[in-house]
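Asker: Anchor point for the sequence shown: position 362 equals 378 in the numbering used here, and the numbering is continuous, going up by one each time.
Please see the structure below; I have some questions.
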Amino acid sequence: MAEKRTDAETDDGQPELAAVALPEQKQFFKIPARFGHVPVAEEPMGYDPEKRFEQHYPRIELPFQLVDTVETAAKRRYTKDELFPNGLNRLFFGDCLHVMRMLPSECIDLIYIDPPFFSGRNYNIIFGDKNEVRSFTDIWEGGMPGYLIWLNARLYEMKRLLKPTGSIYVHLDGHAVHYMKIEMDKLFGYDNFVNEIIWERTTGRKAGSRFGRVHDSLLFYSCGRGMTWNPPSVPQTEETVRGHDLMRDKDGTLYRVSDLSGAGPGPSRRFGGKEISPPSGRHWQYDQKEIDRLMAADHIFFSRGGLPRLRTPLDELPGVAVRDIWTDIEPVNAGAEERIGYPTQKPEALLERIIRTSSNKGDVVADLFGGGGVLAAVAQRLGRRWICCDISRVAVALTADRIARILAPNLKEAKKAAKVKKGEGLFTEIVHDAPLTSVEDAKKKAVEASPLTMTGYSVEHWGIYEINRLTRLPDEAFREFVVKCYGARKWTGSDPNIHGVKQNELLWVGGPKETDVITAADVKAFAQTVMKSRKPEERQAVMIAWGIDPKARAYAEQVMALGQQKPIQFIRLKLWPMQGEEFKSHVTRRHPKYREQFFSFILPPDVPRIGVTRLGPRKYKFDVSEARSMNTGGKIVNVQWDFDFRDGIFSASQGYQLCRTEKKGKGEHGFEGLLVVEYEFEEVEPGTEVTIACRVQDDLGGEGTKLMKVRVE
């Protein structure tokens, strides 16, 4: 179901895509046209044969902004391709529907998603970003049909991304799982349904007027024949050993006890120097050599009746095949080391079973509703390539932190060793106002020192772009970024004053620095170029930069006024600031809601200082109350703390990954960052100087980091 692009453009200049048809009826859907007296739809809800799901969610193509790359010393890279242009695993911040539309077809082996449940509007607000809130608002419009269309549009893209041998697991609860089963039968094919897996996510059973809801469901589909399948098994337990006697020795080891004899007469055997005949009409199942081995291993004992019997430790028995009801995977409890702190966090054991079962080493696995990055973390450990995406900047930060810990596994030991040096280390030169680049450079040095042959990762943004990084781009890279945002293509002509072209429009882009504004001289030079290269009726031009000199606007008005007097010199010239409404409206015009959801330029929060108050021996209070969002309408929604920031790796201290308070009241629901925290340096020797790192996130996607040193007393 590959999706190929054409060179044609629509009336509004967007590239026109060849229609991607769903598989034919006989290939993917065999439920009869009528189920009793009820007609059955042949296509998933919201699907249009010509426009697919773009009638609900039009395509909007924007570039990815590469925010960070993290590698180990081994710099192990897979072959660069269209999916992995840098050879690294990819972590995306953006709406997964539009991110997926930018990726090539048939490139992923396994997808697991844990999308928002249809359980309640506020239940799905996990991180509190405005991007997350806006997206989840769409889910609820139109009730259950709206939810199904919202999820179908994304599952349609996932089907396109999966290889013919791929698989998908969709994690839901009882509110919508049966509705989605019908929709997925249409999308993936009734014959490709593999299992509905029941996972007992909690053992709590409150008394009430109904049976306790303790499970989630996972819908498991393949894309066709030849799917990857590594049969999972679990160790034998007292419950699984059925039809046999059990015994426990004085050390507590549990054994399965069984007879050594089978049906039919047989010769006698020697057991520990005694020759013993089998019971009447039976024979020994093992030859003498195997019996001698079992005797030496103390696996044979004698019953009270004097007959030998076989006892086998449960851990030596073959594993039991996993069935479709999973009761052996515990939820993430309050004391778990992997706990991050949000209510719907899934355990790593759950994802490990899925990844081991439905993929092999080197395969590509993906989670497009990434949350705290559990799939990415497990895939990283198991040697799979991975793609992870989330619409929340907080979730992306948590995932990046989690992967960094895996890439530098000796970080904790290195920190302990560094404590006795009392202040010596990588960050002795960093002062209170350390720039973000210093933190990033130091982190890379630390990760690069790791000897692991593990693939690193990149962090990329789609639709929400960091100004401070854009301003550091080379001129050509910055102009290419703006041209792609405009929906134009790069100018291939010789005139250096033209940077892009879109139908009859010519595009000029200023430099990356915020001081690179459009001047009157720029307008004059560009206008002359346009008049030389275009007929009067085709002289449409756009100039885009961070700012516009007032004299430039005045000059542009004079040029257009002159064209009215002398039509031969007519030119239509538009001057747009990068952060202006004209540019944003042009980019997001295909859907009214896109103006609120996509295409914004953001700044990191300002964290002037970290206040410190000593509360007692080794115990301190840390305060970032002066932190504020630098983005219009933004607010701080989360604060992360690393109370022993060494070797350049930000790895939030346990319990300090999500520092926030929840707002609940009439008409409001969300989070506010917890700006004051307390911490006790239990393992730090008095007199040791430690580096504290504070990472602050606002609800519009901005993130800033602040460092300081504290001498623990």
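Even for Gly, the Cβ is constructed at its ideal location relative to N, Cα and C.
Since the structure is predicted, the reported quantities are computational estimates derived from the model, not experimental observations.
#1: Using 8 angstroms for Cβ pairs, my map puts residue 197 next to residue 235. What's the rounded Cβ distance?
#2: Could you check whether the region 329–345 touches the region 263–271, counting it as contact only if at least three pairs of C-beta atoms, one from each stretch, sit closer than 8 angstroms?
#3: Count the other CB atoms, across all protein chains shown, that sit within 10 Å of the CB of residue 477; report buried if there are 16 or more and exposed otherwise.
#4: Using the Cα positions of residue 423 and residue 481, report the straight-line distance between them to the nearest angstrom.
#5: Evaluate contact between the region 537–552 and the region 502–521, counting only Cβ atoms and requiring at least three cross-stretch pairs below 8 angstroms.
#6: Counting only beta-carbon atoms, is residue 573 nearer than 8 angstroms to chain D?
#7: With a threshold of 7 angstroms on Cβ separation, who are the neighbours of residue 675 within its own chain once the five nearest residues in sequence on each side are excluded?
#8: In terms of residue numbering, what span does the alpha helix (DSSP H) encompassing residue 114 cover?
#9: Distance, Cα to Cα, residue 733 vs residue 629?
#10: Can you list, in chain order, the residues of its chain whose CB lies under 7 angstroms from that of residue 440, leaving out five sequence neighbours each side?
#11: Just the C-alpha distance for residue 276 and residue 302, rounded to the nearest angstrom, thanks.
#12: What residue range does the alpha helix (DSSP H) around residue 194 cover?
#13: With a threshold of 8 angstroms, are at least 3 pairs of Cβ atoms found where one atom belongs to the region 277–288 and the other to the region 395–414?
#14: Output the residue ranges of the beta strand (DSSP E) runs that lie fully inside the region 635–668 and measure 3 residues or longer, sorted by chain position.
#15: Which of the three DSSP states, helix, strand or coil, is assigned to residue 162?
#16: Compare the C-alpha of residue 112 against each of 497, 559, 131 and 295 and name the closest.
#17: Please state whether the Cβ-Cβ distance between residue 381 and residue 371 is less than 8 angstroms.
#18: Since residue 535 and residue 577 are thought to touch, with beta carbons under 8 angstroms apart, how far apart are those beta carbons, to the nearest angstrom?
#19: Out of 724, 538, 97 and 561, which one is the CA nearest neighbour of residue 575?
#20: With three or more C-beta pairs closer than 8 angstroms as the rule, is the region 334–344 touching the region 316–323?
#21: Out of curiosity, what's the CA-to-CA distance linking residue 83 and residue 109?
#22: What residue does the beta strand (DSSP E) around residue 346 start on, and which one ends it?
#23: Please determine if the region 240–247 and the region 177–195 are in contact, where contact requires at least 3 C-beta pairs separated by less than 8 angstroms.
#24: On the premise that residue 712 lies in contact with residue 643, defined as a C-beta separation below 8 angstroms, what is that separation, rounded to the nearest angstrom?
#25: Using the Cα positions of residue 105 and residue 209, report the straight-line distance between them to the nearest angstrom.
#26: Measure the alpha-carbon distance for residue 603 versus residue 62 and round it to whole angstroms.
#27: Apply the 10 Å Cβ neighbour rule to residue 631 and answer buried if 16 or more other Cβ atoms are within range, or exposed otherwise.
#28: Check the C-beta distance from residue 86 over to residue 420 and give it rounded, since I have them as a contact under 8 angstroms.
#29: Across the region 385–405 and the region 357–370, are there enough close Cβ pairs to call them in contact, namely three or more that are closer than 8 angstroms?
#30: Among the candidates 528, 571 and 555, whose CA atom is the shortest distance from the CA of residue 562?
#31: How many angstroms separate the CA atom of residue 116 from the CA atom of residue 218?
#32: Bridge partners of residue 298, per DSSP?
#33: If you draw a straight line from the alpha carbon of residue 518 to that of residue 727, how long is it in whole angstroms?
#34: Check whether the Cβ atoms of residue 634 and residue 700 sit closer than 8 angstroms, and answer yes or no.
#35: For the putative contact between residue 613 and residue 414, defined by C-beta atoms under 8 angstroms, what is the C-beta separation to the nearest angstrom?
#36: Could you name the residues of the same chain whose beta carbon sits closer than 7 angstroms to that of residue 623, not counting the 5 residues immediately before and after it, in chain order?
Answerer: Taking the geometry as given:
#1: Indeed, because the Cβ distance is near 6 angstroms, the residues count as touching under 8 angstroms.
#2: The region 329–345 is in contact with the region 263–271.
#3: buried
#4: Answer to the nearest angstrom: the Cα atoms are 26 angstroms apart.
#5: With a cut-off of 8 angstroms, the region 502–521 and the region 537–552 count as touching, because enough Cβ pairs lie within range.
#6: Judged by its chain identifiers, the structure shown contains no chain D, having just a single protein chain.
#7: 654, 655, 656, 657, 689, 690 and 693
#8: 112–116
#9: A query on residue 733 cannot be resolved here, the shown segment of the chain reaching from 17 to 729 and no further.
#10: Because residue 440 sits at a pLDDT of 35, beneath the cut-off of 50, its placement in the model cannot be relied upon, and the following sentence gives the value as read from the coordinates. No residues qualify anywhere along the chain.
#11: Going by the C-alpha atoms only, they are around 8 angstroms apart.
#12: 193–204
#13: Short answer: they don't touch.
#14: 635–639 and 652–658
#15: helix
#16: Taking only the C-alpha atoms, the option nearest residue 112 is 131.
#17: yes
#18: The Cβ separation is near 19 angstroms, so there is no contact.
#19: 538
#20: no
#21: 10 angstroms
#22: Taken as a continuous stretch (DSSP letters only), residue 346 belongs to no beta strand (DSSP E), as it is neither H nor E.
#23: Look at the beta carbons and you see the region 240–247 touching the region 177–195: at least three pairs across the two are nearer than 8 angstroms.
#24: 5 angstroms
#25: 29 angstroms
#26: 25 angstroms
#27: exposed
#28: 6 angstroms
#29: yes
#30: 528
#31: 33 angstroms
#32: Paired residue(s): 279.
#33: 59 angstroms
#34: yes
#35: Contact doesn't hold; Cβ gap of about 22 angstroms is too wide.
#36: 640, 643, 710, 712, 720 and 722
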